[in-house]
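The listed protein sequences correspond, in order, to chains U and V. Residue 366 is where the first sequence ends in our numbering, and the numbering goes up by one at each step. Residue 1093 is where the second sequence ends in our numbering, and the numbering goes up by one at each step. Where a beta carbon is used, it is the ideal one built from N, C-alpha and C, also for glycine.
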Amino acid sequence: MREITTDVLVVGGGAAGLSAAAEAATAGAKVTVIESDLQLGGQLIKQTHKFFGSKDEYAGTRGYKIANILLDEIDQNKKNVEVLTNTTVTGYYIEDQMFTAMQGEEEYFRVKAKKAIVATGAQERLIPFPNNDMPGVYGAGAVQTLMNVYGVTPGKRVLMVGAGNIGLIVSYQLMQAGVEIAAIVEGASRIGGYWVHAAKVRRMGVPILLQHSILEAKGDKVVTGATICGVDDHFQPTCEQKEIDCDIICLAVGLTPTTELLFQAGCEMQFVPQLCGYVAARDRTMRTSHPDFWSAGDAMGIEEASAAMVEGRIAGHSAAASLGLPVKKENFDEYWKRLDHLRAGEVGEKIRAGIGKVMRDKWEGR
Amino acid sequence: MSDKQDKVVICRCEEITLEEIREWIDRGYDSFNELKRVLRVGMGPCQGRGCQDIILREISRRAGVPIDQVDSGTVRPPVKPIKTGLLATGGGD
């Protein structure tokens, strides 16, 4: 079996992984980026809207253009970076300190890395309801990929479940593609996403029904409608029910960090509701309890792409330093200043509380 | 309504319903690993990416354990299916 070796293995070529790779490669590390998709860029490539956040993280720039900026930076260091797309890191075997990976379904090989940065992102959460396994029920992220990457609209009339940023943005982008939005339902008593995104869909006449959820999908072989209902403060259905005419049900009910490799590496893991699932304990360098494993981005807790990019920088910086490469301490301080800025105020409260639970000052016995 | 709820498929890979999961939690199989052994949840092509989160929440509600104290279950490689033929040829080279 073929075996490849590298200084820094970056698993995942999205916002966090590309930033980590750029940072480590600039410091002189030999970096291998392994990406399961056909192209690099992760979620950035399907974000057609302009980002918020801060200027340092390209606020005001459309997501897919941010991906290009990161790819340019990788390209400038191409002598240090090897990229494998359509390749999935399938496991880590702690007893041999060995990764395995599969390219397409054609080749299976070993990867030996001195340091690893896990930037595997997140997966979409699904909620259980009758007929949720019928064609026509999609994750909102999947719909966004279908439309903005492959140029295919999913259907004609959509019920969107969830009024967080993903639900709101994907609703707007569906309308831009000529798809009708029957309604957006949200179980909570307030809109989770930014006001400006909500205002855009409201201006186009889409009802946002708060304290409402989906009860079941209707249809024989494919979705032809949905029953929605009111929910109380404990998300239990009230007797108020309504039929919605739609051929697509789109679930935008949150994401969960993708953490299999961190579990397999034996990293100290903890379930943190504010970070949306199991995440690794980390120090300020984004290093986990395993001294050769770092992680960044949504894999370390669901947050915005802007924060994922800075976390990636920090992880890349620290992994390069651990190899004995010269890095600037002031860059590290600068990245933390940016993270603190992104997480400031009321919006960042939940994230700060979550991170507080898994941030370690030092590791026992190291 | 609750009847229909019970028929909801939770683990799509292995076609396991909410009803089956609730039945086994009530019998005391209140960890992901135990449910995996009796029902094969999380053992299909997606390796639990679709169902693990829902099952952990169900265990939490049903067994009255806070969600952050429900064990995640063992996460083994590989994270996605690999054809046996590929392994048999030593990885395809």
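(message) Could you tell me which whole alpha helix (DSSP H) segments of length 4 or greater appear in the segment 163-188 of chain U?
(response) If only uninterrupted alpha helix (DSSP H) runs of at least 4 residues are considered, those enclosed by the segment 163-188 of chain U are 165-176.
(message) Please report the straight-line C-alpha distance between V:GLY1091 and U:VAL118, rounded to a whole angstrom.
(response) Within the second sequence, the letter at position 91 stands for residue 1091 of chain V. Within the first sequence, the letter at position 118 stands for residue 118 of chain U. Going from the Cα of V:GLY1091 to the Cα of U:VAL118 covers about 23 Å.
(request) Out of V:PHE1032, V:LYS1007 and V:CYS1013, state which residue places its alpha-carbon closest to the alpha-carbon of V:GLU1020. (result) The residue labelled residue 1020 of chain V in the question sits at position 20 within the second sequence. Of the listed residues, the one whose Cα sits closest to V:GLU1020 is V:LYS1007.
(message) Can you check which of these residues, U:TRP294, U:GLN236 and U:ASP283, is closest to U:GLU364 by C-alpha distance?
(response) Residue numbering aside, residue 364 of chain U sits at position 364 when the first sequence is read from its first letter. Answer by Cα proximity: U:ASP283.
(request) Using a Cβ-Cβ cut-off of less than 9 Å, list which residues of the segment 225-249 of chain U approach chain V; keep chain order. (result) Taking 9 Å as the Cβ-Cβ cut-off against chain V, the residues of the segment 225-249 of chain U that qualify are PRO237.
(request) At 7 Å on the CB atoms, spell out the chain U contacts of V:GLY1091, in chain order. (result) As a working mapping, residue 1091 of chain V is identified with position 91 in the second sequence. Residues of chain U whose Cβ lies closer than 7 Å to the Cβ of V:GLY1091 are, in chain order, MET1, ARG2, GLU107, TYR108 and PHE109.
(request) Throw me the rounded Cβ distance for the U:GLN264 and U:ILE94 pair, which I believe falls under 8 Å. (result) As a working mapping, residue 264 of chain U is identified with position 264 in the first sequence. As a working mapping, residue 94 of chain U is identified with position 94 in the first sequence. Right, the Cβ-Cβ distance comes to about 7 Å (below 8 Å), so this counts as a contact.
(message) Measuring straight from C-alpha to C-alpha, what distance separates U:THR87 and U:ALA101?
(response) As a first step, residue 87 of chain U is located in the first sequence; it is residue number 87 there, counting from the start. As a first step, residue 101 of chain U is located in the first sequence; it is residue number 101 there, counting from the start. Their Cα atoms are separated by approximately 7 Å.
(message) Any beta carbon of chain V sitting closer than 8 Å to that of U:MET269?
(response) In the first sequence, counting from the first residue as 1, residue 269 of chain U sits at position 269. By this cut-off, U:MET269 is an interface position.
(request) Decide if the segment 175-187 of chain U is in contact with the segment 255-273 of chain U; the criterion is three or more beta carbon pairs, one per stretch, under 8 Å apart. (result) Counting Cβ pairs under 8 Å, fewer than three are found: no touch.
(message) Our contact map puts U:ALA24 next to U:GLY316 with C-beta atoms below 8 Å; I'd like the distance itself, whole angstroms only.
(response) For the purposes of this step, residue 24 of chain U is taken as residue 24 along the first sequence, with counting starting at 1. For the purposes of this step, residue 316 of chain U is taken as residue 316 along the first sequence, with counting starting at 1. With a Cβ gap of about 4 Å, U:ALA24 and U:GLY316 count as contacting.
(message) For U:TYR138, report the span of its beta strand (DSSP E) as first-last.
(response) Translated into the one-based positions of the first sequence, residue 138 of chain U becomes position 138. It spans 137-139 - the beta strand (DSSP E) in which U:TYR138 sits, taken as one unbroken run.
(message) Give me the subset of the segment 1002-1031 of chain V whose CB atoms are less than 8 Å from a CB atom of chain U, sorted by chain position.
(response) Taking 8 Å as the cut-off between beta carbons, the residues of the segment 1002-1031 of chain V near chain U are LYS1004, GLN1005, LYS1007, VAL1008, VAL1009, ILE1010, ARG1012 and LEU1018, in sequence order.
(message) Would V:VAL1079 pass as an interface residue toward chain U - the criterion being a Cβ-Cβ separation below 8 Å?
(response) Taking the second sequence and counting its residues from 1, one reaches residue 1079 of chain V at position 79. True, the Cβ-Cβ gap to chain U drops below 8 Å.
(message) So within the segment 217-296 of chain U, which uninterrupted alpha helix (DSSP H) runs reach at least 4 residues, ignoring any that extend past its ends?
(response) Taking only runs of at least 4 residues, the alpha helix (DSSP H) segments lying wholly in the segment 217-296 of chain U are 260-264.
(request) Check the Cβ of U:ASP133 against every Cβ in chain V and list those closer than 9 Å, keeping chain order. (result) Residue mapping note: residue 133 of chain U aligns to position 133 of the first sequence, counting from 1. Here the neighbours are VAL1008, VAL1009, ARG1012 and GLU1015.
(message) Measuring only the C-alpha atoms, how far is U:ARG352 from U:ALA308?
(response) Within the first sequence, the letter at position 352 stands for residue 352 of chain U. Within the first sequence, the letter at position 308 stands for residue 308 of chain U. Distance from the CA of U:ARG352 to the CA of U:ALA308, rounded to the nearest whole angstrom, comes to 14 Å.
(request) Go to U:ASP7, then tell me how far its beta strand (DSSP E) extends in each direction, as first and last residue. (result) The residue you call residue 7 of chain U lines up with position 7 of the first sequence. U:ASP7 -> beta strand (DSSP E) spans 3-11.
(message) For U:GLY230 and U:ILE191, what's the separation of their Cα atoms in angstroms?
(response) Position 230 of the first sequence, counting from 1, holds the residue named residue 230 of chain U. Position 191 of the first sequence, counting from 1, holds the residue named residue 191 of chain U. Roughly 15 Å between the two C-alpha positions.
(message) For a cutoff of 8 Å on Cβ pairs, would you count V:VAL1065 as touching chain U?
(response) On the second sequence, residue 1065 of chain V is found 65 positions in, with the first residue counted as 1. Under the Cβ criterion of 8 Å, V:VAL1065 is not counted among the residues facing chain U.
(message) With a threshold of 8 Å on Cβ separation, who are the neighbours of U:GLU216 within its own chain once the five nearest residues in sequence on each side are excluded?
(response) Working through the first sequence from its first residue, we reach residue 216 of chain U at position 216. Spatial neighbours of U:GLU216 in its own chain (CB-CB distance under 8 Å, excluding positions within 5 residues in sequence) are listed in chain order as PHE129, PRO130, ASN131, ALA226 and THR227.
(request) Would you tell me roughly how many angstroms separate the C-alpha atoms of V:MET1001 and U:VAL143, rounded to the nearest one? (result) On the second sequence, position 1 is the one that residue 1001 of chain V refers to. On the first sequence, position 143 is the one that residue 143 of chain U refers to. Note that V:MET1001 has pLDDT 45, beneath the 50 cutoff, so the model's placement of it is unreliable and no number is given.
(message) If contact is defined by three or more beta carbon pairs under 8 Å, each pair taking one atom from either stretch, is the segment 33-49 of chain U in contact with the segment 136-155 of chain U?
(response) These segments touch.
(message) I'd like to know whether the C-beta of V:GLY1050 is nearer than 8 Å to at least one C-beta of chain U.
(response) Position 50 of the second sequence holds residue 1050 of chain V. Yes, contact with chain U.
(request) Report yes if the C-beta distance between V:ARG1057 and U:GLN123 is below 8 Å; otherwise report no. (result) Here residue 1057 of chain V corresponds to residue number 57 of the second sequence, with the count starting at 1. Here residue 123 of chain U corresponds to residue number 123 of the first sequence, with the count starting at 1. Not a contact, by the Cβ cut-off of 8 Å.
(request) Count the other CB atoms, across all protein chains shown, that sit within 10 Å of the CB of V:ALA1088; report buried if there are 16 or more and exposed otherwise. (result) By 1-based counting over the second sequence, the position of residue 1088 of chain V is 88. Note on V:ALA1088: under 16 other CB atoms within 10 angstroms of its CB, so exposed under the neighbour-count rule.
(message) Quick check on V:GLY1091: does DSSP put it in helix, strand or coil?
(response) As a first step, residue 1091 of chain V must be located in the second sequence, where it is residue number 91. When secondary structure is reduced to three states using DSSP, V:GLY1091 falls in the coil class, being assigned neither helix nor strand.
(request) Use the C-beta contact count for V:GLY1028: other C-beta atoms within 10 angstroms, 16 or more gives buried, fewer gives exposed. (result) For the purposes of this step, residue 1028 of chain V is taken as the residue at position 28 of the second sequence. V:GLY1028 comes out exposed.
(request) For U:THR6, count neighbouring C-beta atoms within 10 Å of its own C-beta (all shown protein chains included) and say buried if the count is 16 or more, exposed if not. (result) Translated into the one-based positions of the first sequence, residue 6 of chain U becomes position 6. Buried, by the Cβ-count rule.
(request) Please classify U:PHE109: is it buried, with 16 or more other beta-carbons within 10 angstroms of its beta-carbon, or exposed? (result) The sequence position of residue 109 of chain U within the first sequence is 109, counting from 1. With 16 or more other Cβ atoms from the protein chains shown falling within 10 Å of its own Cβ, U:PHE109 counts as buried.
(message) Rounded to whole angstroms, what is the Cα-Cα separation between V:GLY1073 and U:MET204?
(response) Along the second sequence, read from residue 1 onward, the residue named residue 1073 of chain V stands at position 73. Along the first sequence, read from residue 1 onward, the residue named residue 204 of chain U stands at position 204. Cα-Cα distance, rounded: 45 Å.
(request) Leaving out five residues on either side along the sequence, give the residues of the same chain with a beta carbon under 6 Å from the beta carbon of U:LEU84. (result) Position 84 of the first sequence, counting from 1, holds the residue named residue 84 of chain U. Taking U:LEU84 as the centre and dropping the five residues before and after it, the same chain places the C-beta of ILE34 closer than 6 Å to its C-beta, in chain order.
(message) Using beta carbons (cut-off 8 Å, strictly below), is U:PRO257 in contact with chain V?
(response) Position 257 of the first sequence holds residue 257 of chain U. By this cut-off, U:PRO257 is not an interface position.
(request) In angstroms with no decimal places, state the Cα-to-Cα distance between U:VAL394 and U:LYS357. (result) A query on residue 394 of chain U cannot be resolved here, the shown segment of chain U reaching from 1 to 366 and no further.
(message) Three or more C-beta pairs under 8 Å: does that hold for the segment 231-248 of chain U against the segment 156-173 of chain U?
(response) In short, these stretches touch, since the Cβ pair count reaches three.
(request) Mind checking which residues open and close the beta strand (DSSP E) that includes U:GLU35? (result) Numbered from its first residue, the first sequence carries residue 35 of chain U at position 35. No beta strand (DSSP E) contains U:GLU35, which DSSP labels as neither H nor E.
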